[in-house]
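**Q** Residue numbering for the sequence shown is 0 to 151, as defined by numbering that gives the first Met the number 0.
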Amino acid sequence: MKRFSFRLDPLLRLRKQAEQQALEAFARELTVRSQLEAELRETTTLLDAAAAATAIDAGTRIDAVELALRQAYVERRERERADAQARVAAQEERLDAQRQRLEECARDRRVVERLRDRAWARHEREEAQRQNALIDDLATSAYARKTRAVGA
Numbered sequence: 000m001k002r003f004s005f006r007l008d009p010l011l012r013l014r015k016q017a018e019q020q021a022l023e024a025f026a027r028e029l030t031v032r033s034q035l036e037a038e039l040r041e042t043t044t045l046l047d048a049a050a051a052a053t054a055i056d057a058g059t060r061i062d063a064v065e066l067a068l069r070q071a072y073v074e075r076r077e078r079e080r081a082d083a084q085a086r087v088a089a090q091e092e093r094l095d096a097q098r099q100r101l102e103e104c105a106r107d108r109r110v111v112e113r114l115r116d117r118a119w120a121r122h123e124r125e126e127a128q129r130q131n132a133l134i135d136d137l138a139t140s141a142y143a144r145k146t147r148a149v150g151a
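#1: Roughly how many angstroms lie between the CA atoms of residue 111 and residue 23, to the nearest whole one?
#2: With H, G and I counted as helix, E and B as strand and the rest as coil, what does DSSP make of residue 47?
#3: Can you give the Cα-Cα distance for residue 48 and residue 34, rounded to whole angstroms?
#4: Work out the CA separation of residue 140 and residue 133 for me, nearest whole Å.
#5: Apart from the five residues on each side of it in sequence, which residues of its chain come closer than 6 Å, Cβ to Cβ, to residue 69?
#6: Determine, using beta carbons only, whether residue 76 and residue 45 come nearer to each other than 7 Å.
#7: In the DSSP assignment, find the alpha helix (DSSP H) that holds residue 134 and state where it starts and stops.
#8: Can you round the beta-carbon distance between residue 21 and residue 104 to whole angstroms, since I take them to be within the 8 Å contact cut?
#9: Drop a sphere of 10 angstroms on the beta-carbon of residue 65, count the other beta-carbons inside from all chains shown, and report buried for 16 or more, exposed for fewer.
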């Protein structure tokens, strides 16, 4: 039986390696997104705490400087949360880009695998034809010997 050989095996290995690298990069981006989401939750908690801490009870007297300081503190926490939201949104875009890259790598690998599967099926058909031809030759030879033996 002839040994199966696929000429594009090096390309298939390369495509599998590229897909694995894309998968690892996607996992890293997911980790970063999780960290940024945790940071966003923390900044939201800090903003809520700042708003609660700067609340003024009814009847409490407060001077303008203290009021301005409290307002500045809350605004700073709001900016921090907005920055965290922007980082999460940017990370989502990077994650989507990495997901697309992973899908492209998987698609490229599947294309080469389909070519390999077709080549394997063609190899199997050709090998079956060769074996059938050999069996036919053996049967024809046996018949010819038998016919010669009977005629003699």
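Quick reminder that beta carbons are idealized off the backbone N, C-alpha and C, glycines included.
**A** Inspection of the coordinates gives the following:
#1: Taking the straight line from one Cα to the other gives about 21 Å.
#2: helix
#3: 21 Å
#4: 10 Å
#5: 53
#6: yes
#7: 63 to 150
#8: 4 Å
#9: exposed
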